[in-house]
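The next block holds one structure in the form of structure tokens; read it before the comments.
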Amino acid sequence: MNGVKLLIKHEANVNARAADQYTPLYGAIRTINTAIAIYLLDNTQANPNLYGSTLHSPLQHAVFNGSTLIAVKLLDAGADPNPQGRSLGSPIHATAWSGDDKLIKLLLGRGANAQLLARPFGLRCMCCSTSGMIARYSHAR
């Protein structure tokens, strides 16, 4: 953490991409380094919508990892609740994979669209069906 603070103190570009195309925020979320992710979101102009080389958004990784705190921070910072990633679909699809009811409620409450088709196959997640997990919460908003 001290290294991150020192770089920011010396005006490092928090949205710069490394060779693997990860920004510091994306890398912190991908590796589940919650303290650094929160620091970047609270103290810098880190862009919550910059994808990494895996073509997933920071929000998709946060919800796939089950990090409600990071998901809230990202959404508060302006993260798009409906980006489409390469294999996780949208954040609501990634959340359905993890089965986290709290995250599903959070995303639906912040504008996630449960009817988006998951890329790359153009299919809805079975959790988005009328009898599925997400459907239970769509009506409860």
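Residue numbers (our numbering): 35 to 175. Here a beta-carbon is modelled for each residue, glycine too, at the ideal position from N, C-alpha and C.
Using a 10 Å radius around the Cβ and a threshold of 16 neighbouring Cβ atoms, would you call L137 buried or exposed? buried
Starting from A96, trace the alpha helix (DSSP H) in both directions and tell me its first and last residue. P92 to F98
Kindly indicate which three-state DSSP category I66 falls into: helix, strand or coil? coil
State the DSSP-derived secondary structure class of P125, mapped to helix, strand or coil. helix
May I have the straight-line CA-CA distance separating G86 from Y60, to the nearest angstrom? 7 Å
L75 beta carbon less than 8 Å from that of A111: Closer than 8 Å, so yes.
Closer than 7 Å by C-beta to D134: which residues in its own chain qualify, once you throw out the five before and the five after it? Chain order, please. G100
Between G119, N81, Q118 and S132, which lies nearest to L109 when the distance is taken from Cα to Cα? N81
Identity of the residue in I126, K139, S132 and G143 nearest Q149 by Cα: I126
In angstroms, rounded to a whole number, what distance separates the CA positions of A113 and N83? 5 Å
Let me make sure I understand the geometry here. Which of L142, L40 and A71 has the alpha-carbon closest to that of L103? A71
With T51 and T57 assumed to form a contact (beta carbons below 8 Å), what rounded beta-carbon distance in angstroms separates them? Residue 51 is actually Arg in this sequence, not Thr. In this structure R51 touches T57 by the C-beta definition: roughly 6 Å separates them, less than 8 Å.
Answer yes or no: do L93 and P117 have a C-beta to C-beta separation smaller than 8 Å? yes
Could you tell me if H90 is buried or exposed, where buried requires 16 or more neighbouring beta carbons within 10 angstroms of its beta carbon? buried
Taking 8 Å as the cut-off, decide whether the C-beta atoms of V48 and T78 are in contact. yes
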